[in-house]
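First to last, the sequence lines map onto chains A and B.
So the first sequence is numbered by the UniProt record's numbering: it starts at 1 and just counts up by one.
So the second sequence is numbered by the UniProt record's numbering: it starts at 1 and just counts up by one.
Number of protein chains: 2
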Amino acid sequence: MNSWKDNIRTVEPYVPGEQPKDTNVIKLNTNENPYGPSGKVNEVKLDMNNLRKYPDAKVSALVNKLAEYHNIKPEQVFVGVGSDDVISMCFMTFFNSDKPIFFPDVTYSFYDVWADVYRIPYEQKKLDENFNIVKEDYMAENGGIIFPNPNAPTGILVDTDFIEDIVKANPASVVIIDEAYIDFGGKSVLPLIDKYDNLLVVRTFSKSRSMAGLRIGYAMGNSELIKYLNDVKYSVNSYTMNTPSIIYGSAIIDDEEYFRSTLDKIISTRERFVGELKRLGFNVLPSKANFVFASHKSVDANVIFETLKEKKVYVRHWNAPRISDYLRITIGTDEEMDKLISLLEDICCATK
Amino acid sequence: MNSWKDNIRTVEPYVPGEQPKDTNVIKLNTNENPYGPSGKVNEVKLDMNNLRKYPDAKVSALVNKLAEYHNIKPEQVFVGVGSDDVISMCFMTFFNSDKPIFFPDVTYSFYDVWADVYRIPYEQKKLDENFNIVKEDYMAENGGIIFPNPNAPTGILVDTDFIEDIVKANPASVVIIDEAYIDFGGKSVLPLIDKYDNLLVVRTFSKSRSMAGLRIGYAMGNSELIKYLNDVKYSVNSYTMNTPSIIYGSAIIDDEEYFRSTLDKIISTRERFVGELKRLGFNVLPSKANFVFASHKSVDANVIFETLKEKKVYVRHWNAPRISDYLRITIGTDEEMDKLISLLEDICCATK
């Protein structure tokens, strides 16, 4: 007999990092910022009565602030419910070809999930033996290109010329550079959006801006790309970004001083932590993100992962090809990293 | 030459009701609730520092509250960023057949937009001459069924037996009943979800619960339907509902007394307003929603619409087949409706 189950879109869903209810956990598994957002959010009064009204569908307040901050036009900014929403919309809007889209084999683990859910053909291009993206792999015919810079979970950055070569070689594809982690030491390719109409740069408030709880992401590109994105977005859900996100999100953008100070702290903690990891016998990839990707010379990554979890320190580990020897560790506060170092000393010496 | 524009998903986007920046406007165009949400939201303290963390991807706090309120299991509740997000996910998840889905020709104007964006074939079934849904139309082979109850923009309600007959006749399709307006005088078909595994009931916080600004919607059905929905949702965006929505949304559910009191006020204002409209020569469809759909016997709907707009009263008018003679007017406060009545008296007498 026919059943409604015959018509279901079945997918292998993305599994996000654990969000433990236990507040004693040291949470270094989802690349959250250890420092809160700018205190400017405390100065904003949310008018509860106003929640009865729909938010501004165009999110003008936030779009205008972001345009001003980045010195581009408001028509060049698209906002969404986290960069996941933004990139998901990009997949729907721009990756409509029968040709495969390209992204690295080791990268943000949502790309193949989106490709599957939207039935987009794709090819995963192998990183080299040092986990570097191979530029030439992205010069073949394709239906679109996406990768993060710095890449995740490796943390490895490529420079502007590297990306410009790829964008220039692919005028028939939209190239999306996911700059979720760019503020932690990388150089943005944003200046290229006025030179190439097929380049889209994606950002998030969830990492450097410390607002993962609000779900704010955005894309920047030429106004035509942004218009196509908005057309699809308005056809899926006209009002996605809610009033608190618009208000709180807009409030923090001006506080550049606080923003820079937390970035400096995270970068300095990262550099110190990398030194300690190396001292303990870890191979650490060169990270320009707020996390490091590291593998111990003798102790199994899953053993470290499970032992840390017992001690209430959560990091990230994937039982996936090529990276099962590695742990992705978010940079927390100095105190959190000291605690972790001390646990790693025990684990790596005890089992040696 | 090939261009990235060859691969764009182009769509005719949905046009939402205007959101004027002018706060002196009487806004009766988007079916917002004239009364604010329960004062319980003011008792909640949002910890700004906590915004640095991702929200709970499972939205357990809100899901559990809703399950308790409706006396069903948490596994029977799916939440999304407004009912638009929920229904959009339903289209993606459940309407995957090559057979056309069915919905009325006069109904929520987003259904055909979603069908277009997701490339789903559809047939719009003609309402009868009194704008009633014709049950028998939904007994043919199809890939899914959706309609609002009460229907929008007509406001006309069907009873539980009517819907049960359709659900029973379509075991091979998921039937979605969009109950966005059910609280304003209708009877929910929610009890049927334990009897039929192909029925999904959708609700929103944007109308009766007065929280359009937070973007909260939810669906209820058997746990298998909900699981399929969650699998697709986690594959599109794992963290859609932000922390303020989870916290504020959960806070108001217990305040049944305030909820009921605002519903009573809106219903009583509606009944009085309908009487006035009839007195002024309007044909008014029998509404069980927080809006009415009305056509004047002699004055052109667009003339009324434009004149009201000049006077800073916004209502909704569609230049669309069958309904271009009608206005959809949201029920506001008594004061707002008095102002509107007085303007309508001028317009309909002056042009007579």
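Beta carbons: idealized from backbone N, C-alpha and C, even for Gly.
On the three-state DSSP scale, how would you describe P244 of chain A?
-> Position 244 of the first sequence, counted from the first residue, corresponds to residue 244 of chain A. P244 of chain A: helix per DSSP, three-state reduction.
If you draw a straight line from the alpha carbon of F78 of chain A to that of A67 of chain A, how long is it in whole angstroms?
-> As a first step, residue 78 of chain A is located in the first sequence; it is residue number 78 there, counting from the start. As a first step, residue 67 of chain A is located in the first sequence; it is residue number 67 there, counting from the start. Taking the straight line from one Cα to the other gives about 10 Å.
Report the three-state DSSP secondary structure of Y234 of chain A (helix, strand or coil).
-> Against the first sequence, residue 234 of chain A aligns to sequence position 234. Residue state, collapsed to three classes: helix.
Report yes if the C-beta distance between D178 of chain B and V158 of chain B is below 7 Å; otherwise report no.
-> Translated into positions along the second sequence, residue 178 of chain B becomes position 178. Translated into positions along the second sequence, residue 158 of chain B becomes position 158. Pairing D178 of chain B with V158 of chain B gives a Cβ-Cβ distance that is not under 7 Å.
Name the chain A residues whose beta carbon is nearer than 8 Å to that of P100 of chain B?
-> In the second sequence, counting from the first residue as 1, residue 100 of chain B sits at position 100. The premise fails here: P100 of chain B is roughly 12 Å from chain A at the closest Cβ pair, so nothing lies under 8 Å.
List the DSSP bridge partners of N283 of chain B.
-> Taking the second sequence and counting its residues from 1, the one referred to as residue 283 of chain B is at position 283. According to DSSP, N283 of chain B bridges with B:S295.
What first and last residue would you give for the beta strand (DSSP E) that runs through G217 of chain A?
-> Here residue 217 of chain A refers to the residue found at position 217 when the first sequence is read from its first residue. Counting along the chain, the unbroken beta strand (DSSP E) around G217 of chain A starts and ends at G217 to M220.
Same chain only: Cβ atoms within 8 Å of I26 of chain B, ignoring 5 sequence neighbours per side = Sequence index remark: in the second sequence, residue 26 of chain B carries index 26 (1-based). Excluding residues within five positions, the ones whose Cβ falls inside 8 Å are K312, V313, Y314, G332, E336, K339 and L340.
Three or more C-beta pairs closer than 8 Å, one from the segment 236-248 of chain A and one from the segment 80-98 of chain B: is that the case here?
-> yes
Going along the chain, which residues of its own chain have a beta-carbon closer than 6 Å to the beta-carbon of D231 of chain A, five neighbours each way excluded?
-> Taking the first residue of the first sequence as 1, we reach residue 231 of chain A at position 231. Around D231 of chain A: no qualifying Cβ.
Residues of the segment 231-244 of chain A with a CB closer than 9 Å to any CB of chain B: list them in chain order, please.
-> D231, V232, K233, Y234, S235, V236, N237, S238, Y239, T240, M241, N242, T243 and P244
Helix, strand or coil at K352 of chain B [DSSP, three-state] | On the second sequence, position 352 is the one that residue 352 of chain B refers to. With a pLDDT of only 47 at K352 of chain B, under the threshold of 50, the placement of this residue in the model should not be trusted; the figure read from the coordinates follows. Here K352 of chain B sits in coil by DSSP.
Close Cβ partners of S250 of chain A (< 6 Å) along its chain, the five nearest in sequence each way excluded = Counting from one through the first sequence, the residue named residue 250 of chain A turns up at place 250. Closer than 6 Å at the Cβ level, and outside the excluded window around S250 of chain A, lie A61, L62 and K65.
Tell me, please, whether the CB atom of A212 of chain B is closer than 7 Å to any CB atom in chain A?
-> Here residue 212 of chain B refers to the residue found at position 212 of the second sequence. Chain A, which has a Cβ nearer than 7 Å to the Cβ of A212 of chain B, makes this yes.
Scan the segment 73-93 of chain A for residues whose Cβ lies nearer than 7 Å to a Cβ of chain B and list them as they occur along the chain.
-> V81, G82, D84, D85, S88, M92 and T93
Give every residue of the same chain whose Cβ lies closer than 7 Å to the Cβ of D325 of chain B, excluding the five residues on either side of it in the sequence, and list them in chain order.
-> As a position in the second sequence, residue 325 of chain B is number 325, starting the count at 1. So the qualifying residues of the chain are S295 and A301.
Any chance the CB of P150 of chain B is under 6 Å from a heavy atom of the ligand ADP?
-> Judged by which ligands are present, the structure shown has none, so any question about the ligand ADP falls away.
Beta-carbon proximity list for P37 of chain B, same chain, < 6 Å, skipping 5 on both sides = Taking the first residue of the second sequence as 1, we reach residue 37 of chain B at position 37. Correct list, in chain order: S210, M211 and I252.
First and last residue of the uninterrupted alpha helix (DSSP H) at residue 357 of chain A | Any answer about residue 357 of chain A is impossible in this case: the structure gives chain A only from 1 up to 352.
C-beta contact flag for V299 of chain B and V274 of chain B at 7 Å = Indexing the second sequence from 1 puts residue 299 of chain B at position 299. Indexing the second sequence from 1 puts residue 274 of chain B at position 274. No, they are not a contact pair.
Note down, in chain order, each residue of its chain lying with its Cβ closer than 6 Å to the Cβ of N29 of chain B, except the 5 sequence neighbours on either side.
-> For the purposes of this step, residue 29 of chain B is taken as residue 29 along the second sequence, with counting starting at 1. These residues qualify, in order along the chain: G17, Y314, V315 and R316.
From L46 of chain A to E256 of chain B, what distance separates their C-alpha atoms?
-> As a working mapping, residue 46 of chain A is identified with position 46 in the first sequence. As a working mapping, residue 256 of chain B is identified with position 256 in the second sequence. Cα to Cα, L46 of chain A sits roughly 23 Å from E256 of chain B.
Going along the chain, which residues of its own chain have a beta-carbon closer than 8 Å to the beta-carbon of D85 of chain B, five neighbours each way excluded?
-> Start at 1 with the first residue of the second sequence, and residue 85 of chain B comes out as number 85. Close CB contacts of D85 of chain B within its chain, under the 8 Å cut and outside five residues either way in sequence, are with R215, G217 and T240 (chain order).
List the residues of chain B whose Cβ lies closer than 9 Å to the Cβ of residue 353 of chain A, in chain order.
-> With chain A covering 1 to 352 only, the question about residue 353 of chain A has no answer from this structure.
Three or more C-beta pairs closer than 8 Å, one from the segment 92-104 of chain B and one from the segment 137-144 of chain B: is that the case here?
-> yes
Could you name the residues of the UniProt region "Disordered" (1-24) of chain A whose beta carbon sits closer than 9 Å to any beta carbon of chain B, in the order they occur along the chain?
-> M1, N2, S3, W4, K5, D6, N7, I8, R9, T10, V11, E12, P13, Y14, V15, P16, G17, Q19 and K21
Does DSSP classify K27 of chain A as helix, strand or coil?
-> Within the first sequence, residue 27 of chain A is the residue found at index 27, counting from 1. In the structure shown, K27 of chain A sits in a strand (DSSP, three-state: E or B).
Count the other CB atoms, across all protein chains shown, that sit within 10 Å of the CB of T10 of chain A; report buried if there are 16 or more and exposed otherwise.
-> Translated into the one-based positions of the first sequence, residue 10 of chain A becomes position 10. That one is exposed.
Chain-ordered chain B contacts of N290 of chain A [CB-CB under 7 Å] | In the first sequence, counting from the first residue as 1, residue 290 of chain A sits at position 290. The contacting residues do not exist; N290 of chain A stays about 12 Å from chain B at best.
Could you tell me whether the Cβ atoms of P55 of chain B and T243 of chain B are closer together than 7 Å?
-> Within the second sequence, residue 55 of chain B is the residue found at index 55, counting from 1. Within the second sequence, residue 243 of chain B is the residue found at index 243, counting from 1. Yes, these two residues count as a Cβ contact at 7 Å.
Exposure of K278 of chain B, with buried meaning 16 or more beta-carbon neighbours within 10 Å | Taking the second sequence and counting its residues from 1, one reaches residue 278 of chain B at position 278. Its Cβ having fewer than 16 others within 10 Å, K278 of chain B is exposed.
Using 7 Å as the limit for Cβ to Cβ distance, is L51 of chain A near chain B?
-> Locating residue 51 of chain A in the first sequence gives position 51, where the first residue counts as 1. Yes, contact with chain B.
Tell me whether R322 of chain B sits in a helix, a strand or coil according to DSSP, three-state version.
-> Locating residue 322 of chain B in the second sequence gives position 322, where the first residue counts as 1. If DSSP states are grouped into helix, strand and coil, R322 of chain B belongs with coil.
Status (buried if at least 16 other CB within 10 Å, exposed otherwise) for P321 of chain A | Position 321 of the first sequence, counting from 1, holds the residue named residue 321 of chain A. Exposed.
Return the CA-CA distance between Q124 of chain B and V106 of chain B, expressed in angstroms with no decimal places.
-> Here residue 124 of chain B refers to the residue found at position 124 when the second sequence is read from its first residue. Here residue 106 of chain B refers to the residue found at position 106 when the second sequence is read from its first residue. Rounded to whole angstroms, Q124 of chain B to V106 of chain B spans 8 Å at the Cα level.
Between the Cα of Q19 of chain B and those of A:K58, A:D6 and A:Y228, spot the shortest distance and give me the residue it belongs to.
-> As a first step, residue 19 of chain B must be located in the second sequence, where it is residue number 19. Nearest of A:K58, A:D6 and A:Y228 to Q19 of chain B, Cα basis: A:K58.
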